[in-house]
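> Handing you a structure now.
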Amino acid sequence: MIKLENKDYSKVIPLFKGIQHSTPLVFAIIEENSKGSVFVDDSNYPKSAFIYQEGGFMYLMSDDDIFMEQVRDYILNKLLPEMDEQEMVLFAFKDTTRDKLDVLLKDKGAIRIERKVFYFNLERFKEIASSAQPLSSEYHIQPMKKEELEDYSKEKKLGDCVDKKLGYRVMKGKEVVSECVSIFVGGEEAEIDIYTHEDHRGKGLGKACALAFIKGCLAENLTPSWSCWPFRKESLALAKKIGFDERPDVPAHFWAENM
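Going letter by letter, the sequence shown gives residues 8 to 266 in our numbering.
Below is the structure:
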């Protein structure tokens, strides 16, 4: 298993072209918009790749038994021991790869979990946006400035470049009550991260903020992307309210030290 230099990350683009989930997260690393590492079986003509998003998810594209064993050993013996909170969320892109991971990670006690993913329905979004009611006069929406996006990145411990990020906020005076940001940008898609202060929920602020954000994405020729865990009921409901259609869940292999 070979760790690529940043300048060579683009060599794995053919492997991940056309993937059906996680596009902005994977390509944010490949395009060096976010911090992460890329490992391959061959530095010149890779056929297998493992992508680790610093402090986050892991992605595997491989059918090679030896490479997959090397990835397992690297995760268990290198990545996990160095984490403050040991946790593995590993996504594969083929059923055959997932089946092999079941066997390779069995002794560790890893389990399969499911992540909710969505398809952005542009036509439905346009209908929703055109009929959306304006916020009451006590609130207003504004785009986030570069320094605000930098503060967001520091707070999330992303340590990434914010040049391609965008975000919108709902303000009540000088108070931020809702915020929608592209936590990852890559592959011409923007992964949505949204939060509304608990004291201001149930007023449609998250929806209004998300609609403004999506309009901003489209103006930048970015397709918005939404994914979440099944227990995030509010996130699931909001996604459907702003033009996202639910797709089949995506499996991931999960392990944590407190399991």
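Ideal Cβ positions, reconstructed from N, Cα and C, are used throughout, including at glycine.
Count the other C-beta atoms from every protein chain shown that fall within 10 angstroms of the C-beta of Met-95, then say buried if there are 16 or more, exposed otherwise.
Counting from one through the sequence shown, the residue named residue 95 turns up at place 88. Label assigned to Met-95: buried.
> Does the pairing of the segment 200-213 with the segment 174-185 give three or more beta-carbon distances under 8 Å?
Judged by Cβ distances under 8 Å, the segment 200-213 makes contact with the segment 174-185, as three or more pairs qualify.
> Contact defined as beta carbons within less than 8 Å: I believe Ser-160 pairs with Leu-173. What is the distance between those atoms, to the nearest angstrom?
Counting from 1 along the sequence shown, the entry for residue 160 is found at position 153. Counting from 1 along the sequence shown, the entry for residue 173 is found at position 166. The Cβ separation is near 13 Å, so there is no contact.
> Using CA coordinates, which residue listed in His-147, Leu-212, Phe-125, Ala-219 is at the minimum distance from Pro-255?
Taking the sequence shown and counting its residues from 1, the one referred to as residue 255 is at position 248. Nearest C-alpha to Pro-255: Phe-125.
> In the DSSP output, what is Arg-119 paired with across the bridge?
Residue mapping note: residue 119 aligns to position 112 of the sequence shown, counting from 1. His-260.
> Under 7 Å Cβ to Cβ from Glu-227, same chain only, skipping five residues before and after it: list those, please.
Indexing the sequence shown from 1 puts residue 227 at position 220. Within the same chain, Glu-227 has close Cβ partners Leu-173.
> Does DSSP classify Lys-181 as helix, strand or coil?
Reading the sequence shown from its first residue, position 174 is the one you call residue 181. Note: Lys-181 maps to coil in three-state DSSP.
> Could you tell me whether the Cβ atoms of Phe-261 and Phe-127 are closer together than 9 Å?
Taking the sequence shown and counting its residues from 1, the one referred to as residue 261 is at position 254. Taking the sequence shown and counting its residues from 1, the one referred to as residue 127 is at position 120. No, the pair does not count as a contact, with Cβ atoms beyond the cut-off.
> Ignoring anything shorter than 4 residues, give me the alpha helix (DSSP H) runs that lie fully in the segment 131-187, in order along the chain.
Listed in chain order, they are 153-162.
> Measuring straight from C-alpha to C-alpha, what distance separates Phe-320 and Cys-235?
Residue 320 falls outside the range modelled here, since the chain spans only 8 to 266, and no answer is possible.
> Consult DSSP for Glu-241 and reduce its assignment to one of helix, strand or coil.
The residue labelled residue 241 in the question sits at position 234 within the sequence shown. Three-state result, Glu-241: helix.
> If you draw a straight line from the C-alpha of Val-110 to the C-alpha of Phe-74, how long is it?
As a position in the sequence shown, residue 110 is number 103, starting the count at 1. As a position in the sequence shown, residue 74 is number 67, starting the count at 1. If I take the Cα positions, the gap works out to 14 Å.
> In three-state terms, what does DSSP make of Leu-218?
As a first step, residue 218 is located in the sequence shown; it is residue number 211 there, counting from the start. Residue state, collapsed to three classes: helix.
> Which residue's Cα is closest to the Cα of Ser-144: Lys-179, Ser-242, Asp-102, Glu-162?
Taking the first residue of the sequence shown as position 1, residue 144 is located at position 137. The residue with the shortest Cα to Cα distance from Ser-144 is Lys-179.
> Rounded to whole angstroms, what is the Cα-Cα separation between Val-45 and Ile-201?
Here the question's residue 45 lines up with position 38 in the sequence shown. Here the question's residue 201 lines up with position 194 in the sequence shown. In a straight line, the C-alpha of Val-45 is about 28 Å away from that of Ile-201.
> In or out: Phe-64 buried (at least 16 other Cβ within 10 Å) or exposed?
On the sequence shown, position 57 is the one that residue 64 refers to. Buried is the call here.
> Which residues does DSSP list as the beta-bridge partners of Glu-253?
Residue numbering aside, residue 253 sits at position 246 when the sequence shown is read from its first letter. For Glu-253, which the question treats as bridged, DSSP gives the partners Phe-125.
> Could you pull the start and end residues of the beta strand (DSSP E) that Val-45 belongs to?
Locating residue 45 in the sequence shown gives position 38, where the first residue counts as 1. Unbroken beta strand (DSSP E) run through Val-45: 43-47.
> Would you decide whether Met-151 is buried or exposed? Buried here means 16 or more other CB atoms lie within 10 Å of its CB.
Walking along the sequence shown from the start, residue 151 turns up at place 144. Per the 10 Å Cβ criterion, buried.
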